[in-house]
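**Q** First, the structure itself, so that you have it in front of you.
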Amino acid sequence: MTRARSIGLNTVVITMEAVIEVPAVAGASPPPWPVEAMAPGSWLVLNAGCADDRVGLFVAALAGRIEVQPPGGRDEVVNALLAEEFLIAAGGLQVRDSTIGTVVTPGCCAGLEDWRDWAQVLIGDSPWLGHDPGPEVEVVSDDLRVWQDGGPNRYRGRWAGVHVDLPHRALPGLLSGAQRDLVGFLDALTGWATRVGLQQRGTALVEATDKNFAITAPLDVQPLR
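No gaps in the numbering here: position 176 of the sequence shown is 212 in the working numbering, and each next residue is one more.
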């Protein structure tokens with residue numbers, strides 16, 4: 037566990053991590069580079085420690101949403117990515133209470149590209165974090181309660197009662213830590229692109245990833261006073 041994305045609160049350790057959902061690849065053409073074998077629907081954590089197979093899985097997830105012209109080799113896939121107006125990936129920020137092991141993950145249709153929406157909590161708004169299940173942030177006195185399935189399903193169904201509590205004052209540090217992890221992931225992506233042999237395409241891919249997922253742009257995490 038790194039300091040960049042965790043906050044120790046007495047005996048409780050809360051972690052906020054940038055993740056994407058691993059896509060199903062059944063029936064799809066295999067990516068033109070090695071990828072780590074992870075179960076579809078699981079969560080790939082993005083940080084500087086990602087090995088090449090994990091970075092390759094991230095890029096494959098981006099490419100899985102677009103049409104690639106044959107022969108569909110490495111250069112064709114990256115060219116197709118660079119031609120896209122927008123790059124998106126199912127995911128966002130997951131919150132974990134490492135002391136008891138409870139994790140709240142992004143809901144369906146949430147995207148990593150919207151991870152900054154969490155900062156809306158700091159100005160009193162509630163971000164949309166996906167649905168089915170529908171994560172929700174509730175203000176409870178000076179704390180934030182992050183539900184895996186909010187609204188009427190808080191206390192029933194598969195996700196009944198599943199939540200993570202964190203002090204409101206801890207959120208700016210957690211968001212800044214998540215951004216540092218994403219910046220570190222850009223470094224991992226840069227190294228992967230060099231080793232795969234993308235050359236100038238690699239530089240362009242890193243720049244497109246940074247732009248589309250708003251990684252290095254300044255992050256305003258000033259809490260309400």
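Ideal Cβ placement from N, Cα and C applies to all residues, glycine included. Bear in mind that the values here come from a model prediction, so they are computed numbers and not experimental data.
State the DSSP-derived secondary structure class of threonine 226, mapped to helix, strand or coil.
**A** Here threonine 226 sits in helix by DSSP.
**Q** For valine 175, does the count of other Cβ atoms within 10 angstroms reach 16, so buried, or fall short, so exposed?
**A** Label assigned to valine 175: exposed.
**Q** Ordered along the chain, which non-local residues of its own chain (more than five positions away) have a Cβ less than 7 Å from that of alanine 75?
**A** Closer than 7 Å at the Cβ level, and outside the excluded window around alanine 75, lie Val58.
**Q** Excluding the 5 residues preceding and the 5 following serine 134 in the sequence, name in chain order all residues of the same chain whose CB lies nearer than 6 Å to its CB.
**A** Within the same chain, serine 134 has close Cβ partners Val49 and Thr51.
**Q** Using the three-state DSSP reduction, which class does aspartate 150 fall into: helix, strand or coil?
**A** Helix.
**Q** Looking only at DSSP bridge pairs, what is glycine 127 linked to?
**A** Paired residue(s): Ile56.
**Q** Could you check where the beta strand (DSSP E) with arginine 181 kicks off and where it finishes?
**A** Per DSSP, arginine 181 belongs to the beta strand (DSSP E) from 179-183.
**Q** In three-state terms, what does DSSP make of arginine 132?
**A** Correct three-state label for arginine 132: strand.
**Q** Taking DSSP as the reference, what is the three-state secondary structure of isoleucine 50?
**A** Isoleucine 50: strand per DSSP, three-state reduction.
**Q** State the CB to CB distance for the pair valine 173 and proline 208, rounded to an integer number of angstroms; the pair is presumed to be in contact (CB under 8 Å).
**A** The Cβ separation is near 14 Å, so there is no contact.
**Q** Classify aspartate 178: buried if its beta carbon has 16 or more other beta carbons within 10 angstroms, exposed otherwise.
**A** Aspartate 178 is exposed by the Cβ-count criterion.
**Q** Determine, using beta carbons only, whether proline 68 and arginine 101 come nearer to each other than 7 Å.
**A** Not closer than 7 Å, so no.
**Q** If we ignore side chains and look at the alpha-carbon of each, how far apart do aspartate 223 and glycine 233 end up?
**A** Between aspartate 223 and glycine 233, the C-alpha separation is close to 16 Å.
**Q** When you compare only the Cα positions, how much space is there between threonine 226 and alanine 126?
**A** Looking at the two C-alpha atoms, the distance is approximately 21 Å.
**Q** Extract the residue ranges of the beta strand (DSSP E) inside the stretch 181-220, only unbroken runs of 3 or more that lie entirely within it.
**A** Taking only runs of at least 3 residues, the beta strand (DSSP E) segments lying wholly in the stretch 181-220 are 199-203.
**Q** Decide yes or no for the touch test of the stretch 240-253 against the stretch 143-153: beta carbon pairs closer than 8 Å, at least 3 of them.
**A** These segments touch.
**Q** From the DSSP output, which residues share a beta bridge with valine 81?
**A** In DSSP, valine 81 forms a bridge with Val55.
**Q** Take serine 212 and list the residues in its own chain whose beta-carbon comes closer than 8 Å to its own, dropping the five residues that flank it on each side.
**A** Result list for serine 212: Leu255 and Val257, in chain order.
**Q** Taking its Cβ as the centre, do 16 or more other Cβ atoms sit within 10 Å of arginine 39, making it buried, or is it exposed?
**A** The pLDDT assigned to arginine 39 is 38, lower than 50, so where the model puts this residue is not dependable, and the model offers no usable value.
**Q** Tell me the DSSP secondary structure of alanine 40 in three-state form.
**A** Because the pLDDT at alanine 40 is just 40, under 50, the model does not fix this residue reliably, and the value given afterwards should be weighed accordingly. Reduced to three states, the DSSP call for alanine 40 is helix.
**Q** Can you list, in chain order, the residues of its chain whose CB lies under 7 Å from that of valine 91, leaving out five sequence neighbours each side?
**A** Hits under 7 Å: Ala224, Leu225 and Trp228.
**Q** Compute the Euclidean distance between the alpha carbons of valine 81 and alanine 54, then round it to the nearest angstrom.
**A** For valine 81 and alanine 54, the distance between alpha carbons rounds to 6 Å.
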